[in-house]
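Numbering-wise (my numbering), the sequence shown opens with residue 322 and increments by one.
To keep things clear, I will list the structure first and then write my remarks on it.
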Amino acid sequence: MILKKSSNLGAWLHLAKIYAIIWLEKRARTKRKYDFTDLGFLALLALSVCALLYMISELSISHKELDKLYSSDSWLFAWLRLCVEVFGANDYALRGSFVLLHALNMLLMYSIGRIYLSRPNDSLFLALIYALIPGVNISALMLYESGFILFVLLLICYMQLRFRYIPYVMIFIAGCFDLVFCVLFVALGIYALIHRKTKTLIASLIGFGVNMFLYSSSIGGVPSAHFLDVLGSMAMLFSPLLFLYYVYTLYAALARRKEDSMMVLISASGLVLCLLLSLRQEIDIISFAPLCVVGLPVLVFGFFSDMRVRLKAYRGRFKLRMFFVFSVLCLETFGIYGNKISYIFSPKPNFAYPYYIAKDVANELKARGIDSLKVQDSRLSLRLGFYGIGAGNNICLYSNVLDTSADKANRQNATHQNPTQNTPVRKNASSENIDIVYLGRIVASFKLVRSNACRI
322 MILKKSSNLG
332 AWLHLAKIYA
342 IIWLEKRART
352 KRKYDFTDLG
362 FLALLALSVC
372 ALLYMISELS
382 ISHKELDKLY
392 SSDSWLFAWL
402 RLCVEVFGAN
412 DYALRGSFVL
422 LHALNMLLMY
432 SIGRIYLSRP
442 NDSLFLALIY
452 ALIPGVNISA
462 LMLYESGFIL
472 FVLLLICYMQ
482 LRFRYIPYVM
492 IFIAGCFDLV
502 FCVLFVALGI
512 YALIHRKTKT
522 LIASLIGFGV
532 NMFLYSSSIG
542 GVPSAHFLDV
552 LGSMAMLFSP
562 LLFLYYVYTL
572 YAALARRKED
582 SMMVLISASG
592 LVLCLLLSLR
602 QEIDIISFAP
612 LCVVGLPVLV
622 FGFFSDMRVR
632 LKAYRGRFKL
642 RMFFVFSVLC
652 LETFGIYGNK
662 ISYIFSPKPN
672 FAYPYYIAKD
682 VANELKARGI
692 DSLKVQDSRL
702 SLRLGFYGIG
712 AGNNICLYSN
722 VLDTSADKAN
732 RQNATHQNPT
742 QNTPVRKNAS
752 SENIDIVYLG
762 RIVASFKLVR
772 SNACRI
């Protein structure tokens, strides 16, 4: 009896495998062999991943990230807690999932480019643009859901372009995860209107209603305009010139070429919905940004199409235009990866300072054989706890105020007038300084006091 059931199960699995192969053969739009462009993409992917891993080695967990990690009920932070529990409390376990998602998204973007764009090298240029976008790099390093959102959107677009099939089940499942996915139902409804598919239109309306029912609390409150803020944030996440060119090419795809693929409809619907919502309330721009990133193949197609339709003698201005766009993009991306260079000119904290210091301090303490102490800065104390530095009583860590050339004289005068503001250390207590140095400049300084009588 058991053998009979197992044989029937094997027959069903074999039949399902045959049907899957037939479906893939029937639906596949392109068949190609691997070429040198693919090797170039793999090299670009490896370079991007290595750059992100290097940045992870430089970053520390911020206080906001730590608070969300252990207090948020979202599925993302539940997954991150599992990663930290399995692989240990370190930045690679915390942020490694986002780098993996970045690699998958980059692969999907390249694959879409091989289908959508006319030449293989265009796809390589598309992957390069994607890897350099500041918002993409931020989502691959910070603890945001945008990487997962972008993965779902790119997968839907890839399936529609390659297999000429809209994954309705995936769209409806995604609609239950986040408010951002309401754009999928808007794009699906527009697609149904264009192709006169009544059932698809009804299904998209139902899906949109379910999404609004689940996440309607995200849309509410006292109306307040944030249009310019959102527009500026999107321009910075994309790079200003690239964002302007993106809007132009998206308009050209809809108005001139009359494209109706899900990729174009999702990009246009996402941009319009994001700007409309910003007219009445503040929105989470990091979550909505992936809706625009999906349309990058449209931007690259528009650029090469506008250039190649002209004679070679008249292509110079288009190349110059893209050169300026690409230069600003590279400059902004360099500002993310090389932000520590700002400390050469001034020791004052830059925009990335909340993601520094903690791991460096923890390493200095471990090098001195210290695994527990009292910390004057309560936020730093919590961050040190993530790296294995617990609470103790015999050692204290005080924050020293860095003296800049402008403030040094004023601070010295204040110290002479009020000597009690110095660090409370007994004469018989041993103390030492811990300086955090970036590129030859001290960016943070602490006093370590070893005494049972030290107090915070």
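A virtual CB, placed ideally from N, CA and C, is assigned to each residue, including glycine.
Note that the structure is predicted; figures quoted are calculated from it, not measured.
Which term fits residue i, buried or exposed, when burial requires 16 or more other beta carbons within 10 angstroms of its beta carbon?
i	result
residue 678	buried
residue 322	In this prediction, residue 322 scores a pLDDT of 49, lower than 50, which makes its location untrustworthy; the coordinate-derived value is nonetheless stated afterwards. Under this definition residue 322 is an exposed residue.
residue 412	buried
residue 737	Residue placement at residue 737 is poorly supported in this model, since its pLDDT is 45, which falls under 50; the coordinates are not used for a value here.
residue 591	buried
residue 741	Confidence in residue 741 is poor, its pLDDT being 40 and thus under 50, which makes the residue's placement too unreliable to answer from.
residue 729	Bear in mind that the predicted position of residue 729 carries a pLDDT of just 46, short of 50, making it unreliable; the figure below should be weighed with that in mind. Exposed, since its Cβ has fewer than 16 Cβ neighbours within 10 Å.
residue 457	buried
residue 759	buried
residue 616	buried
residue 731	Here residue 731 scores only 45 on pLDDT, less than 50, and its place in the model should not be relied on; the value that follows carries that caveat. Flag for residue 731 reads exposed.
residue 545	exposed
residue 407	exposed
residue 680	buried
residue 369	buried
residue 492	buried
residue 593	exposed
residue 637	exposed
residue 574	buried
residue 713	exposed
residue 761	exposed
residue 534	exposed
residue 641	exposed
Between the Cα of residue i and the Cα atoms of the options, which residue gives the shortest distance?
i	options	result
residue 769	474, 751, 376	751
residue 427	439, 655, 473	473
residue 475	354, 430, 493, 409	430
residue 657	455, 367, 425, 368	455
residue 421	469, 648, 705	469
residue 262	379, 363, 393, 442	Outside the shown range of the chain (322 to 777) lies residue 262, about which nothing can therefore be said.
residue 396	366, 425, 465, 625	465
residue 485	652, 436, 533, 611	436
residue 652	669, 336, 557, 525	557
residue 364	536, 449, 690	449
residue 670	774, 722, 559, 630	722
residue 410	382, 596, 766, 661	382
residue 379	559, 674, 577, 775	674
residue 664	571, 517, 336, 765	765
residue 689	525, 701, 710	710
residue 532	507, 549, 553	507
residue 549	601, 633, 523, 773	601
residue 536	418, 480, 495	495
Taking Cβ positions, are residue i and residue j nearer each other than 8 Å?
i	j	result
residue 566	residue 620	yes
residue 447	residue 561	no
residue 482	residue 584	yes
residue 284	residue 682	This structure cannot settle anything about residue 284, because the visible part of the chain is limited to 322 through 777.
residue 586	residue 511	yes
residue 438	residue 432	no
residue 604	residue 555	no
residue 599	residue 547	yes
residue 703	residue 563	no
residue 366	residue 424	yes
residue 503	residue 529	yes
residue 521	residue 509	yes
residue 763	residue 611	no
residue 595	residue 630	no
residue 685	residue 755	yes
residue 524	residue 572	no
If contacts are defined as beta-carbon pairs under 8 Å, then residue i and residue j qualify, I think. What distance do you get, rounded to the angstrom?
i	j	result
residue 716	residue 687	Their Cβ separation, rounded to whole angstroms, is 13 Å, which puts residue 716 and residue 687 out of contact at 8 Å.
residue 707	residue 387	6 Å
residue 499	residue 608	7 Å
residue 401	residue 415	6 Å
residue 849	residue 698	There is no way to answer for residue 849, as the model of the chain reaches only from 322 to 777.
residue 767	residue 705	11 Å between Cβ atoms; not a contact.
residue 471	residue 568	So it is not a contact: roughly 19 Å between Cβ atoms.
If you measure from the beta carbon of residue i to each beta carbon in chain C, is any gap under 8 Å?
i	result
residue 401	In the structure shown, chain C does not exist; there is a single protein chain.
*Assess, as a yes-or-no matter, whether the region 365 to 378 is touched by the region 457 to 471 under the definition of 3 or more beta carbon pairs within less than 8 Å.*
Cβ pair count under 8 Å is three or more, so yes.
*Touching or not, the region 382 to 398 and the region 356 to 371, by the rule of three or more beta carbon pairs under 8 Å?*
No, they do not touch.
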